[in-house]
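Notes to accompany the following structure.
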Amino acid sequence: MKRGLLCLLVVMAMIAGCGKPQFSDAEEKTIASLALNTLPALKPDTTNRFADIPAAAALGSTLFFDQGMSRDGTVSCSTCHKIDRQFQDDLPQAVGVGRTNRRTMPLAGVARDPWFFWDGRRDSLWAQALTPLENPLEQAGNRAAFAHYIKGRFGERYERIFGPLPDLSTVPANASPLGTDAEKAAWEAMPASQAEDVNRVFANIGKAIAAFERSIEPPQTRFDRFAIDLASGARPQVDDALSPEEILGLKLFISKANCVTCHNGPRFTDNSFHNTGVPPVADLPQDRGRVDAITQVAVDPFNCFGAFRDGDDSACRELRFMVKTGPELIRAYKTPSLRGAATRPPYMHAGQFSSLDEVVAHYSKAPVSVEGVSEVHPLQLSDRERAALVAFLKTLAE
Amino acid sequence: MASLWRYLLAGLGLAALLVGILAIVYLTAPQTAPGADTSRSKTTANRLFVASFQPERGVIRQGELQSWLLTLKTVKGVPVEGAAITVSGGMPLHNHGLPTSPQATDYLGEGRYRIDGLKFTMSGWWQLRFAISAAAGSDTVVFNLVL
């Protein structure tokens, strides 16, 4: 009798012991899927045959930091993508030659994106790199001027990578299909073969910059060390263990708060576009997000179907199978990676929120969208839960 | 007598253990659609075709563009050729459509059609609806997938 009771107590103790683990099996699986060690090796970019050539990346690096790559010689890619600030600028909206209407995106892991900019208006890293060069609010240059500049300043380096530069002696100093009226007129007056020569040099500038940007990858964080220990069954190192508040935040992130629905995988993004009811900024031009980017990427001469792509069109499936219409595209913006986010306020596509507290409060409240329909539903998170989510997000930046 | 008690208590203990395990399995199982039929082969709505739907490379990888094979046969088992197929769908619980526009891109013979451009960007319940037009008529079929 006594032995029977003892037996029962032992069995019950065993149940009690395993009945309340820190994480369920499903939670552990989700946590493992977020860890950086599950990030696959970077795939080759067959649309840019210079993507993995070190000399191209070196030239791209030079161009990335060169203020000569702008109309007035004061702005480079690195003006907004600051190397010591996760390649972003801490401003609500980027400031180049003028003030833009969007927040600068950080660059860690950018080569893994299928779409570029907040609205995905470009479909390759090299096509993206060309866009600010000619945007009048960013580098404000024009492609004819860039071709001349490359020839004069980096001609030898360029030719070692891309082959002989075309004859630019009769190319106007300033010309572009996207420039001022005078630049557009100069571009229109150019023979088609000459325009293609300039476009080829311009595309190669983008390909060199993209080759450089491929080396920018997200660093391992405290969360990753914790997740790897959890998956392997190792006891977390003292410095890597998450506090009870951070663990609560992690649990909320992957369950009740539904953050992991969109912020999934080792980069904490589904690489897709969503309307989450983020309010517009009062003094900025109308911004409708993805819906207005569809045509832009479809007509971009440097897109995957264009003449400047290397390799075959099997690399163009994202563009080919792109969603082109539908109410969900209205005010839909790209899900940003959350790695390092805690140390780079402000947040959202136009820097609408100045702190993670504001971001989490927004998702908890889930206000309706000014246009289109928000995909987010109210969560009713308590103060403690919201603070826990913020505490967890900080582990992705340490 | 003591021996009987011992067996009874051991039995109770084991039953409690079983309940504990079942509770853990139940509580940690992925959330599925209430009663969603996740079979990969089914008869179309108006019973014109039997459709089966499989990932071309056997596995579903979340977040990657992938192709699937839709195999169409008549209810008598004859492969359906020359079908026009359109694809739609989405995530019913999230109230949004597909993140890509998949298309029937190739006919591979024996009633097999390649559906390319599928991408499942998040875990959860997905629905894929096919509208099929062939010599026998037009019909639709919906497949449920839970990632």
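For the record, the sequence lines run as chains A and B.
Each residue of the first sequence is one higher than the last, beginning at 1 in UniProt numbering.
Each residue of the second sequence is one higher than the last, beginning at 1 in UniProt numbering.
Even glycine gets a Cβ: it sits at the ideal position worked out from N, Cα and C.
Given the structure is predicted, the values throughout are model-derived calculations rather than measurements.
For Thr100 of chain B, the closest Cβ of chain A is nearer than 8 Å.
Counting the other CB atoms within 10 Å of its CB gives His96 of chain B a total of 16 or more, which places it among the buried residues. For Asn46 of chain B, the number of other beta carbons within 10 angstroms of its own is below 16, and it is reported as exposed.
By the Cβ rule, the segment 101-108 of chain A counts as touching the segment 77-87 of chain A, because three or more pairs are nearer than 8 Å.
For the alpha helix (DSSP H) assignment, the uninterrupted runs of no fewer than 4 residues enclosed by the segment 213-239 of chain A are, from N- to C-terminal side, 222-232.
Under the Cβ criterion (8 Å, minimum of three pairs), the segment 167-185 of chain A counts as touching the segment 134-153 of chain A. For Arg288 of chain A, the closest C-alpha among the options A:Ala298, A:Thr276 and A:Cys304 is that of A:Thr276.
Among the residues of the segment 115-139 of chain B, those with a Cβ less than 9 Å away from any Cβ of chain A are Asp116, Gly117, Leu118, Lys119, Thr121, Met122, Ser123 and Gly124, in the order of the chain. Per the coordinates, the alpha-carbon of Thr261 of chain A lies some 13 Å from the alpha-carbon of Ile31 of chain A. DSSP assignment within the segment 71-109 of chain B yields the following whole beta strand (DSSP E) runs of 3 residues or more, N-terminal first: 84-91 and 103-107. Residue contact check for Thr47 of chain A against chain B: no CB pair falls below 8 Å. Annotation for Leu63 of chain A: the continuous alpha helix (DSSP H) segment containing it runs Pro54 to Phe64.
DSSP places Lys42 of chain B in no alpha helix (DSSP H) but in the uninterrupted beta strand (DSSP E) bounded by Ser41 to Thr43. Partner residues in the beta bridge of Val146 of chain B, as assigned by DSSP, are B:Trp125. Collapsing the DSSP output to three states places Trp118 of chain A in coil.
Looking at the backbone, the Cα of Leu128 of chain B and that of Asp313 of chain A are separated by about 26 Å. According to DSSP, Val50 of chain B shares a beta bridge with B:Thr43 and B:Lys73.
Ile85 of chain B is positioned such that its CB atom lies no closer than 8 Å to that of Leu147 of chain B.
In the DSSP assignment, Ile31 of chain A falls within the alpha helix (DSSP H) that extends over Asp25 to Leu34. In terms of Cα proximity to Leu118 of chain B, the closest of B:Phe130, B:Glu110 and B:Gly111 is B:Phe130. Our two residues, Lys334 of chain A and Gly120 of chain A, have alpha carbons roughly 7 Å apart in a direct line. In terms of beta-carbon proximity, Phe321 of chain A lines the interface with chain B, with at least one pair separated by less than 8 Å.
As the crow flies, the alpha-carbon of Val368 of chain A is around 34 Å from that of Glu398 of chain A.
Comparing alpha-carbon positions, the option among A:Ser232, A:Ile330, A:Pro219 and A:Ser124 lying closest to Ala315 of chain A turns out to be A:Ser124. Assigned with DSSP and collapsed to three states, Ser364 of chain A falls in helix.
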